[in-house]
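**Q** Residue numbers (full-length UniProt numbering): 1 to 534.
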C-alpha cells in the first residue's frame with residue numbers, strides 16, 4: 001500500500017502507480033481518435049505522403065497538414081490515424097491543440113490513460129510532465145495535434161520527444177520550416193466533390209441529384225461546405241438545384257446555418273469568422289479581404305490594394321491572410337477561394353467582420369482602385385492591361401445598378417465602351433481582309449492603296465491582340481516600300497516603326513511581371529489626381 005499526501009489529503013493508490021514513466025510499457029492499441037463516420041473521398045496524394053513519412057524508419061517525424069478552414073485537415077488526419085496509424089503505433093493519441101491550455105489538458109489525459117491510477121490524484125501540470133516524460137522515453141507512438149494556431153505553442157513538446165511521430169493540423173501555412181514538414185491540403189477536385197455530395201445524399205436511399213455538379217462548382221470543392229449543404233438538403237428534402245437557388249437568393253443565411261444536430265460552429269461562415277477573430281488585432285487584414293471579395297477571385301493585381309495602405313503594413317496584412325490560408329499569393333497577384341470570396345462580401349449584422357456598412361465601403365474602395373488603374377481604352381497598346389482588369393471590373397459592377405457619376409458607374413460605362421471597340425475591331429478584320437484582296441486583284445501587290453489596305457488590316461489584328469498575324473503584313477509592306485521608295489522616305493520610316501512596335505509589344509508583355517501598376521507606369525503613367533481628372 002502506498003499513501004500520497006497532497007494538500008492535507010491522504011490518497012491510497014496502488015504501488016504500480018509509482019512506476020517510472022520511462023519503465024511503463026504502452027498499453028496495446030491505446031487510442032482516442034475521434035470517430036468520423038462521414039464519407040471520405042479522394043486525398044490519395046496526401047495520404048500517400050503521410051504513409052511515406054509517418055510509417056518510415058528513423059527518429060522524430062513531424063508532418064503539419066495546413067489549409068483553409070473547412071478544407072478537411074482534421075478529417076484527413078483522423079482517417080489516416082484510424083486506417084493506417086492504429087496498426088503500427090500505440091498509443092495513437094488525439095489532442096485538440098488550439099491553445100497551450102488545451103495541449104496541456106490533452107497531455108494530462110494521455111498520462112492518465114497510460115497510468116489510470118494517477119487519475120484525479122496529481123495536478124494537471126504534473127500529469128502533463130508525466131506524459132512528456134513518457135513520450136520522451138518511448139517510440140512507435142503517434143500524437144495528432146489538431147488545429148494548432150501558433151507553431152510556438154507546440155515547439156516545447158516537439159523538442160522533448162525525439163523518437164515518435166507527430167501529425168499536426170493547422171490553418172497556419174507558415175512558421176513550420178524549423179519544426180515540421182508542411183503538407184498543403186487543397187480543395188477536392190470536381191469528381192471527388194460530386195462523389196462526396198452524392199454519398200451524403202444517397203446514404204439513406206436513392207435521391208434526385210439534379211444540379212449536383214453545378215452546386216459543387218459553386219461551393220468550390222470545399223468539403224465543409226459540401227457536408228453542410230448535404231446535411232441541409234437531407235433534412236429539408238430538397239435537391240441540389242433547389243439548394244443552389246436558396247444559396248443565390250439568401251447567401252447570408254445559407255452560409256451561416258447548418259442542419260439540426262450539426263455543430264453550429266462548423267458552418268463555413270462561422271469557421272472563417274474564428275480565423276478573422278485571430279487577425280482582429282489589426283483591422284487591415286479584414287479590410288483587405290472585404291475589398292478583394294469584390295474583384296474576380298483569381299489573378300487580382302496586388303497593386304489594386306495600394307490605395308488602402310502601402311509599404312510594410314500592406315505586405316504584413318497580405319502575409320497574415322496568406323498565413324491563415326484565407327488568400328493565395330502568387331508573385332504580384334492574389335487569389336481568394338471562391339467560397340471565401342462569396343462569404344466575405346455577404347453582409348451579416350451579427351458578424352463583426354461582415355457588417356453591412358463595412359461591406360458597402362469595401363465595394364466603393366474596390367471600385368475606386370479600379371478607376372485609378374484603368375488605362376485609356378483608346379490606346380490599344382494598353383489593352384493587355386484592360387484584359388487583366390476587365391474580369392475585376394465585371395465582378396465589382398454586376399451586383400447592382402450603380403449610381404450615375406459614381407466610380408461604379410464609370411467602370412460599367414468604360415467596360416461597355418471597350419467591348420464595343422473590341423467588337424468593332426473584330427468586325428473590321430473581315431471587311432479589311434476583303435478590301436486587301438480586292439486591292440491586290442484590281443491594283444496589284446505594290447500599289448500605294450494596296451499597301452495602305454495591308455497596313456489597315458495589320459492594325460485591326462493588333463487591336464484584338466493577334467500580333468503574330470500583323471507582323472508578316474508589316475514585314476511585307478516594309479520590303480515593298482524599301483524597294484519602291486527607298487530607306488529614307490517617310491512611308492518607309494513609318495513602316496519600319498510599325499514593324500518594330502508589332503515585334504516589341506508581345507515580347508514586352510511576356511517579360512513583365514503581372515503587375516498592373518508596373519504596366520501602367522511603363523507605358524502610360526497615371527497622374528496622382530487621375531480620379532479627379534476623370
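For each residue, glycine too, the CB sits at the ideal point set by N, CA and C.
In this text the structure is predicted, and so the values were computed from the model without any measurement.
#1: For residue 359, which of 372, 396, 334 has the nearest alpha-carbon?
#2: Between the beta-carbon of residue 389 and the beta-carbon of residue 373, is there less than 8 Å?
#3: Starting from residue 287 and walking both ways along the beta strand (DSSP E), at which residues does that stretch end?
#4: Report the three-state DSSP secondary structure of residue 181 (helix, strand or coil).
#5: Are the beta-carbon atoms of residue 93 and residue 34 separated by less than 8 Å?
#6: In whole angstroms, what is the alpha-carbon distance linking residue 370 and residue 420?
#7: For a test of the three-state rule: what should DSSP assign to residue 384, helix, strand or coil?
#8: Please confirm if the stretch 126–133 is in contact with the stretch 106–116, defined as three or more CB-CB distances below 8 Å between the two stretches.
#9: Give the DSSP-derived three-state secondary structure of residue 310 in the structure shown.
#10: Enumerate, from N- to C-terminal direction, the unbroken alpha helix (DSSP H) stretches of 4 or more residues contained entirely within the UniProt domain "NB-ARC" (50–198).
#11: Give the straight-line distance between the Cα atoms of residue 83 and residue 296, rounded to the nearest whole angstrom.
#12: Pair every Cβ in the stretch 328–341 with every Cβ in the stretch 297–304, then say whether three or more of these pairs are closer than 8 Å.
#13: Just to check my reading of the structure: residue 124 and residue 104 have Cβ atoms closer than 8 Å, yes? What is that Cβ distance to the nearest angstrom?
#14: Using CA coordinates, which residue listed in 107, 102, 44, 255 is at the minimum distance from residue 77?
#15: Okay, do the stretch 234–247 and the stretch 312–326 touch, 3+ Cβ pairs below 8 Å being the bar?
#16: Output needed for residue 402: all residues of its chain with C-beta closer than 7 Å, excluding positions within five of it in sequence on either side, in chain order.
#17: Have a look at the DSSP bridge pairing and note the partners of residue 301.
#18: Does DSSP put residue 31 in a helix, a strand or coil?
#19: Just curious, the alpha helix (DSSP H) that residue 409 is in, first and last residue?
#20: Cα separation between residue 137 and residue 119?
#21: CB-CB under 6 Å to residue 229, same chain, minus the five flanking residues each way: which ones, in chain order?
#22: In this structure, how does DSSP classify residue 586 when only helix, strand and coil are distinguished?
#23: Spatial neighbours of residue 327 within its chain, please: C-beta separation below 6 Å, excluding the five flanking residues on both sides.
#24: Does DSSP put residue 328 in a helix, in a strand, or in coil?
#25: In three-state DSSP terms, what is residue 39?
#26: Are residue 64 and residue 168 touching if we call contact CB-CB under 8 Å?
#27: Between which two residues does the alpha helix (DSSP H) containing residue 254 stretch?
#28: Would you call residue 384 buried or exposed, if buried means 16 or more other Cβ atoms sit within 10 Å of its Cβ?
#29: Let's test the definition: count the other Cβ atoms within 10 Å of the Cβ of residue 231 and tell me whether it reaches 16, buried, or not, exposed.
#30: Below 8 Å between beta carbons: does that hold for residue 272 and residue 345?
#31: Residue 19 to residue 239, Cα distance in whole Å?
#32: With DSSP as the reference, label residue 213 as helix, strand or coil.
#33: Apply the 10 Å Cβ neighbour rule to residue 310 and answer buried if 16 or more other Cβ atoms are within range, or exposed otherwise.
#34: Pick from 308, 210, 257: whose alpha carbon is nearest that of residue 343?
#35: As a quick exercise: from 147, 473, 255, pick the residue whose alpha carbon is nearest that of residue 339.
**A** In brief:
#1: 396
#2: Residue 389 places its beta carbon less than 8 Å from that of residue 373.
#3: Per DSSP, residue 287 belongs to no beta strand (DSSP E); it is in the alpha helix (DSSP H), 283–292.
#4: strand
#5: no
#6: 20 Å
#7: helix
#8: yes
#9: Here residue 310 sits in coil by DSSP.
#10: The UniProt domain "NB-ARC" (50–198) contains these whole alpha helix (DSSP H) runs: 73–83, 100–114, 124–136, 151–160.
#11: 40 Å
#12: yes
#13: That pair is a contact at about 6 Å.
#14: When only C-alpha atoms are compared, the closest one is 44.
#15: no
#16: 408, 409, 412
#17: Paired residues: 333.
#18: strand
#19: 407–443
#20: 21 Å
#21: 243
#22: The structure shown does not extend to residue 586, since the chain spans only 1 to 534, so no value can be given for it.
#23: 321, 334, 336
#24: strand
#25: coil
#26: yes
#27: 251–256
#28: Residue 384 should be labelled buried.
#29: By the neighbour-count definition (other C-beta atoms within 10 Å, threshold 16), residue 231 is a buried residue.
#30: no
#31: In a straight line, the C-alpha of residue 19 is about 59 Å away from that of residue 239.
#32: helix
#33: exposed
#34: 257
#35: 255
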